[in-house]
Every structure is written in C-alpha cells, then in structure tokens.
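Q:
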Amino acid sequence: MVVTRKIALNSKGHCDLIDITRQVKEEVSASGIDSGTVTLFLAGSTAAISTIEFEPGLLSDFQAMWERNVPRNIPYQHDRAWGEGNGYSHVRSSLLGPSLVVPFTNKTLALGTWQQIVLVDFDNRPRSREIVLQIMGE
Amino acid sequence: MVVTRKIALNSKGHCDLIDITRQVKEEVSASGIDSGTVTLFLAGSTAAISTIEFEPGLLSDFQAMWERNVPRNIPYQHDRAWGEGNGYSHVRSSLLGPSLVVPFTNKTLALGTWQQIVLVDFDNRPRSREIVLQIMGE
Amino acid sequence: MVVTRKIALNSKGHCDLIDITRQVKEEVSASGIDSGTVTLFLAGSTAAISTIEFEPGLLSDFQAMWERNVPRNIPYQHDRAWGEGNGYSHVRSSLLGPSLVVPFTNKTLALGTWQQIVLVDFDNRPRSREIVLQIMGE
Numbered sequence: 028m029v030v031t032r033k034i035a036l037n038s039k040g041h042c043d044l045i046d047i048t049r050q051v052k053e054e055v056s057a058s059g060i061d062s063g064t065v066t067l068f069l070a071g072s073t074a075a076i077s078t079i080e081f082e083p084g085l086l087s088d089f090q091a092m093w094e095r096n097v098p099r100n101i102p103y104q105h106d107r108a109w110g111e112g113n114g115y116s117h118v119r120s121s122l123l124g125p126s127l128v129v130p131f132t133n134k135t136l137a138l139g140t141w142q143q144i145v146l147v148d149f150d151n152r153p154r155s156r157e158i159v160l161q162i163m164g165e
Numbered sequence: 028m029v030v031t032r033k034i035a036l037n038s039k040g041h042c043d044l045i046d047i048t049r050q051v052k053e054e055v056s057a058s059g060i061d062s063g064t065v066t067l068f069l070a071g072s073t074a075a076i077s078t079i080e081f082e083p084g085l086l087s088d089f090q091a092m093w094e095r096n097v098p099r100n101i102p103y104q105h106d107r108a109w110g111e112g113n114g115y116s117h118v119r120s121s122l123l124g125p126s127l128v129v130p131f132t133n134k135t136l137a138l139g140t141w142q143q144i145v146l147v148d149f150d151n152r153p154r155s156r157e158i159v160l161q162i163m164g165e
Numbered sequence: 028m029v030v031t032r033k034i035a036l037n038s039k040g041h042c043d044l045i046d047i048t049r050q051v052k053e054e055v056s057a058s059g060i061d062s063g064t065v066t067l068f069l070a071g072s073t074a075a076i077s078t079i080e081f082e083p084g085l086l087s088d089f090q091a092m093w094e095r096n097v098p099r100n101i102p103y104q105h106d107r108a109w110g111e112g113n114g115y116s117h118v119r120s121s122l123l124g125p126s127l128v129v130p131f132t133n134k135t136l137a138l139g140t141w142q143q144i145v146l147v148d149f150d151n152r153p154r155s156r157e158i159v160l161q162i163m164g165e
C-alpha cells in the first residue's frame with residue numbers, strides 16, 4: 028500500500044529549523060497503514076531534512092556549525108552568475124540532503140524520545156515549503 | 028511484505044564505529060523477502076548510520092574529520108543548558124543522519140566489496156543502542 | 028511490486044558530478060509502478076549520491092566546500108597503509124552517503140524544478156560506476 032501526503036509550511040529561511048514531528052505522526056496514524064516506512068522528501072535545492080533534539084541551545088549550535096563549515100560570507104560562483112546571494116544555501120542543502128526515511132510499527136514511528144524530525148531552511152529569505160510524505164507498508 | 032527486526036549493541040561512545048554488516052545480512056536473509064529494501068534507523072540524537080571501508084586507518088581518518096569540522100572543545104549552547112558535555116555529539120549526529128536505506132535482490136545486499144554498514148556513536152560515554160531494521164519487498 | 032534496475036556510467040573522479048536525473052525518470056516511467064519510491068544506492072566507498080541545482084557555478088562551489096572541509100592535501104592514515112592516495116575520497120563519501128530515496132506519484136518524481144539527482148565521484152581517478160535503482164510501490 029502507498030499513501031501520499033503533503034505538509035505545507037512557511038519558513039523564515041536563514042537556517043530556520045521547523046519541527047514537523049507532530050504532522051508526520053498524524054499522517055502516518057491516519058494513513059491506514061500499520062507497519063512500513065515514511066519517506067520525507069523536500070522538493071527544492073536550498074533546504075533539507077534531518078533529525079535533532081529540538082531544544083533552543085542545540086538549534087543554535089547546529090546553526091553555528093553551518094556558519095563555520097559552509098560560511099555565508101565567502102565568495103560563491105553561483106552568486107556571481109545568478110546574484111541571489113544564496114550559494115551557501117545550495118551547498119549546505121546538498122550536504123545535508125533532501126530525504127529522510129523513518130520506519131514505523133503499529134502506527135508508531137521509530138524515533139527516540141528526544142529526537143524530532145526537522146525541516147532546515149537554508150535559504151536567505153522566507154519561503155513557502157512543501158514536504159512530500161510517501162507512506163508505504165501493509 | 029514488511030518484517031521488523033532490531034539489532035542491539037553496546038558502543039564505547041567517543042566516535043566509536045561498529046560494523047553491523049553481518050547482522051544486517053543475516054536479518055535480510057532470514058526475513059523471507061527476496062527483493063526490496065532494508066531501512067536502518069537509529070533511535071536517538073547522538074549517533075548515526077553510514078557506510079565505510081572498515082579498516083583501522085580510515086576509521087581514524089573519519090574520526091579526525093569530525094574533530095576538525097565539529098570539534099569537541101568549543102563552546103556549545105546545549106552544554107550550558109544541560110551540562111552533559113555532548114553538544115558536539117548532537118550536532119554531528121544531525122549532520123550525518125540517523126537513517127540508511129540499502130536495496131537487496133535475491134537476498135543479497137547491494138553493497139560494494141569493501142563497503143560496510145556502520146553505527147557511529149558520537150556520544151561522550153558508552154551507550155546501549157538499538158537499530159531498527161524495516162525490511163520491505165516481495 | 029519491486030523492480031530492480033541499474034545505471035552504469037563512467038566518471039572522471041576528482042569530485043566529478045554527473046546528473047543522472049533523466050535516467051532515473053526513464054527507469055521509473057518504464058517500471059510499470061505508478062506510485063512509490065525509488066531508492067538509489069552506490070555500491071562503493073569513494074562516491075556518493077545527492078541532489079543539487081545542476082549549474083556550473085554551484086558544481087564548483089560544492090567542490091570547493093569539499094576541499095575546505097575534507098582536504099585532499101593533509102595526511103590520511105588510510106594512505107599510509109594502502110598507498111592509493113584516496114583517503115580523503117573515502118571520508119567524503121561516508122559523510123555524504125551512498126543512498127537517496129525519492130518518492131514518485133503518477134510516475135512523476137517529487138523533485139523540485141531546479142533539483143537534479145547527482146552521482147558525486149570523490150575518487151582520485153576515473154572510475155566505472157553502477158548505481159542500483161530499487162523501484163517499489165503499486
């Protein structure tokens with residue numbers, strides 16, 4: 028069985044982290060599928076999906092890591108060509124990745140107690156985003 | 028068809044890498060499913076799953092990369108708030124990711140000859156870990 | 028339903044990025060499966076799979092990020108033992124990951140307009156590569 032659902036949301040950009048765990052749980056629970064996997068996919072090249080313990084200190088630590096390793100304020104060839112100033116957003120997104128697969132059993136996701144699913148929006152402006160959920164199983 | 032299995036193990040923490048390829052192969056082989064995918068998922072926010080050629084030099088190189096890019100000995104906001112000293116473990120885990128999907132055909136995983144599946148435990152102490160295997164296919 | 032397909036290609040190595048979106052679309056379209064997921068998997072430990080907006084500036088930016096964060100010209104233990112000089116290729120590959128899962132509905136992949144699927148070959152020489160596509164759904 029395959030059930031396709033979408034989560035739409037608005038981000039602030041600038042490495043905004045948005046906890047989508049509740050919505051994913053609700054969609055899996057309502058899907059009619061008991062056991063399987065939910066594949067989350069972000070259509071776009073300046074945002075990504077991961078998991079994190081969603082507490083303010085860590086969100087700040089995660090953002091600081093991106094500033095150190097893929098800094099905003101160095102030259103990017105993409106920005107020379109396209110002038111949108113978000114070359115760093117693309118590079119971060121390719122490194123973190125647009126896809127996450129989470130198993131579930133008895134309609135319950137295999138997440139840890141302090142592990143939340145997040146959209147990470149690396150773009151340099153507010154964005155409307157849509158995450159596809161492909162729920163598969165039996 | 029969906030078969031759920033679990034692999035339990037003990038890690039030393041501190042970027043311990045544990046080769047779980049044999050256990051994954053055994054579970055896939057015993058699942059009764061011929062072709063499909065196995066989704067590995069680590070419940071927790073201070074460890075992750077990836078693949079590597081499992082030889083001592085590379086394990087050391089991989090650990091050194093983490094020290095350079097997400098160092099242990101810089102201030103983390105998470106540690107101020109929670110005092111467990113493992114802020115770096117969380118950030119590394121979010122970057123590497125808790126999930127890996129490996130296809131198999133005729134009960135054989137699509138791994139390269141020198142490609143092993145590993146748990147990477149970034150926490151700063153020994154931990155008991157459980158990895159969920161969702162085996163799906165026909 | 029499960030359909031297994033393979034994409035064979037030749038890379039130049041040295042962080043060569045190859046756009047495989049067209050081939051993946053064709054295989055999904057020809058699979059006879061309407062909705063589900065395609066799991067891409069790279070058998071090997073010196074290459075990886077991700078998505079990127081495939082334009083020359085960004086390819087160069089992505090390659091520059093790897094040179095900064097996992098440099099070629101620092102000592103690797105792997106190279107001492109094996110002498111192939113590609114220790115950095117292995118470390119990059121483990122960080123980016125060998126696997127990508129993309130949902131599709133009505134035979135259409137859930138990609139963004141400027142989001143392409145790429146093989147990233149980190150090895151230090153030209154390579155023949157094979158990517159497994161596990162197409163699952165109904």
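Going line by line, the protein sequences match chains R, E and U.
Heads up, this note's numbering is the position in the first sequence plus 27, with the first residue counted as 1.
Heads up, this note's numbering is the position in the second sequence plus 27, with the first residue counted as 1.
Heads up, this note's numbering is the position in the third sequence plus 27, with the first residue counted as 1.
Don't be surprised by glycine CBs; every beta carbon is placed ideally from N, CA and C.
Taking Cβ positions, are V147/U and L67/U nearer each other than 8 Å?
A: Not in contact: V147/U and L67/U (Cβ atoms no closer than 8 Å).
Q: Who does A74/E pair with in a DSSP beta bridge?
A: According to DSSP, A74/E bridges with D148/E.
Q: Could you tell me which residues DSSP puts in a beta bridge with I182/E?
A: One cannot answer for residue 182/E here, as it falls past the ends of chain E, which runs 28 to 165.
Q: What residues of chain U sit near N100/R, judged by a beta carbon separation below 8 Å?
A: Residues of chain U passing the Cβ test: none, with the nearest at roughly 14 Å.
Q: Between the segment 122–152 of chain R and chain U, which residues of the former have a C-beta closer than 8 Å to a C-beta of the latter?
A: The segment 122–152 of chain R vs chain U, Cβ under 8 Å: L122, G124, P125, S126, V128.
Q: Answer yes or no: does any C-beta atom of chain U fall closer than 8 Å to that of N96/R?
A: Yes, N96/R counts as interfacial toward chain U.
Q: P125/E: buried (16+ other C-beta within 10 angstroms of its C-beta) or exposed?
A: Buried, since its Cβ has 16 or more Cβ neighbours within 10 Å.
Q: With a 10 Å radius around its C-beta and 16 neighbouring C-beta atoms as the bar for buried, classify T135/E as buried or exposed.
A: That one is exposed.
Q: Go to V128/R, then tell me how far its alpha helix (DSSP H) extends in each direction, as first and last residue.
A: No alpha helix (DSSP H) contains V128/R, which is instead part of the beta strand (DSSP E) from 126–132.
Q: How would you list, in chain order, the residues of chain E whose beta-carbon sits under 7 Å from the beta-carbon of S77/R?
A: Within 7 Å Cβ-Cβ: S121, G124.
Q: List, in chain order, every chain R residue whose beta-carbon is nearer than 7 Å to that of G71/E.
A: In chain order: G139, Q142.
Q: Where S72/R and R119/R are concerned, what is the direct C-alpha to C-alpha distance, given to the nearest angstrom?
A: When rounded, the distance between both Cα atoms is 9 Å.
Q: I'd like to know if M92/U contacts chain E, where contact means its C-beta is closer than 8 Å to some C-beta of that chain.
A: Taking Cβ atoms only, chain E never reaches closer than 8 Å to M92/U, which makes this a no.
Q: For a cutoff of 8 Å on Cβ pairs, would you count G164/U as touching chain R?
A: With 8 Å as the cut-off, G164/U counts as an interface residue toward chain R.
Q: Is the distance from the Cβ of V51/U to the Cβ of A137/E below 8 Å?
A: Not in contact: V51/U and A137/E (Cβ atoms no closer than 8 Å).
Q: Given a threshold of 16 other Cβ atoms within 10 Å of its Cβ, counted over all protein chains shown, does N113/R qualify as buried or as exposed?
A: It is buried - the Cβ of N113/R has at least 16 other Cβ atoms within 10 Å.
Q: Since S62/R meets chain E, which of its residues come closer than 7 Å, beta carbon to beta carbon?
A: Chain E residues near S62/R: V29, T31.
Q: With respect to the beta strand (DSSP E) encompassing L138/E, which residues constitute its N-terminal and C-terminal limits?
A: Note, L138/E: premise wrong, no beta strand (DSSP E); not H, not E.
Q: Taking Cβ positions, are I144/R and T48/R nearer each other than 8 Å?
A: The answer is yes: Cβ separation under 8 Å.
Q: Please state whether the Cβ-Cβ distance between E94/U and W141/U is less than 8 Å.
A: Not a contact, by the Cβ cut-off of 8 Å.
Q: Just reading off the alpha helix (DSSP H) that P83/U is part of, what are its end residues?
A: Counting along the chain, the alpha helix (DSSP H) containing P83/U begins and ends at 83–96.
Q: Label R156/R either buried or exposed according to how many other C-beta atoms from any shown protein chain fall within 10 Å of its C-beta, with 16 as the threshold for buried.
A: Buried, because 16 or more other Cβ atoms sit within 10 Å of the Cβ of R156/R.
Q: Looking only at its chain, what residues have a beta carbon closer than 8 Å to the beta carbon of E165/U, apart from the 5 residues adjacent to it on each side?
A: Cβ neighbours of E165/U beyond the five flanking positions: M28, I60, D61, S62, G63.
Q: Quick check on the DSSP output: the beta strand (DSSP E) that includes I45/U runs from which residue to which?
A: 43–46 is the extent of the beta strand (DSSP E) around I45/U.
Q: Which residue wins for smallest C-alpha separation from Q90/R, given the options A74/E, V65/E, H117/E?
A: Among A74/E, V65/E, H117/E, the Cα nearest to that of Q90/R belongs to H117/E.
Q: Skipping 5 residues on each side, what residues in its chain have a beta carbon closer than 7 Å to that of R152/E?
A: Once the five neighbours on either side are set aside, the close Cβ partners of R152/E are G40.
Q: Leaving aside the five residues before and after P130/U along the sequence, list all residues of the same chain whose C-beta is less than 6 Å from its C-beta, in chain order.
A: Result list for P130/U: T64, A137, in chain order.
Q: Opposite S155/R in the DSSP bridges: which residues?
A: Bridge partners of S155/R: N37/R.
Q: Give me, in chain order, the residues of the same chain whose beta-carbon lies closer than 7 Å to that of A108/E; leave out the 5 immediate sequence neighbours on both sides.
A: Taken in chain order, the list of residues that qualify is empty.
Q: Roughly how many angstroms lie between the CA atoms of L69/U and Y103/U, to the nearest whole one?
A: Taking the straight line joining both Cα atoms gives about 23 Å.
Q: If we ignore side chains and look at the alpha-carbon of each, how far apart do E111/R and E53/R end up?
A: Near 36 Å, if we compare the C-alpha coordinates of E53/R and E111/R.
Q: Who are the near neighbours of H105/R in its chain, counting only those whose CB is closer than 7 Å to its CB and skipping five residues on each side?
A: These residues qualify, in order along the chain: G114, H117.
Q: Does the distance from the C-beta atom of V97/E to that of L122/E stay below 8 Å?
A: Contact: yes.
Q: Assign I76/R to one of two classes, buried (16 or more other C-beta atoms within 10 Å of its C-beta) or exposed (fewer than that).
A: Looking at its Cβ environment, which holds 16 or more other Cβ atoms inside 10 Å, I76/R is buried.
Q: Alpha carbons only, please: which of V55/R, C42/R, S38/R, L36/R is nearest the one belonging to V30/R?
A: Looking at the Cα atoms, V55/R is the closest of the given residues.
Q: Does any residue of chain E bring its CB to less than 8 Å from the CB of Q50/U?
A: For Q50/U, the answer is no, since every Cβ of chain E falls outside 8 Å of its Cβ.
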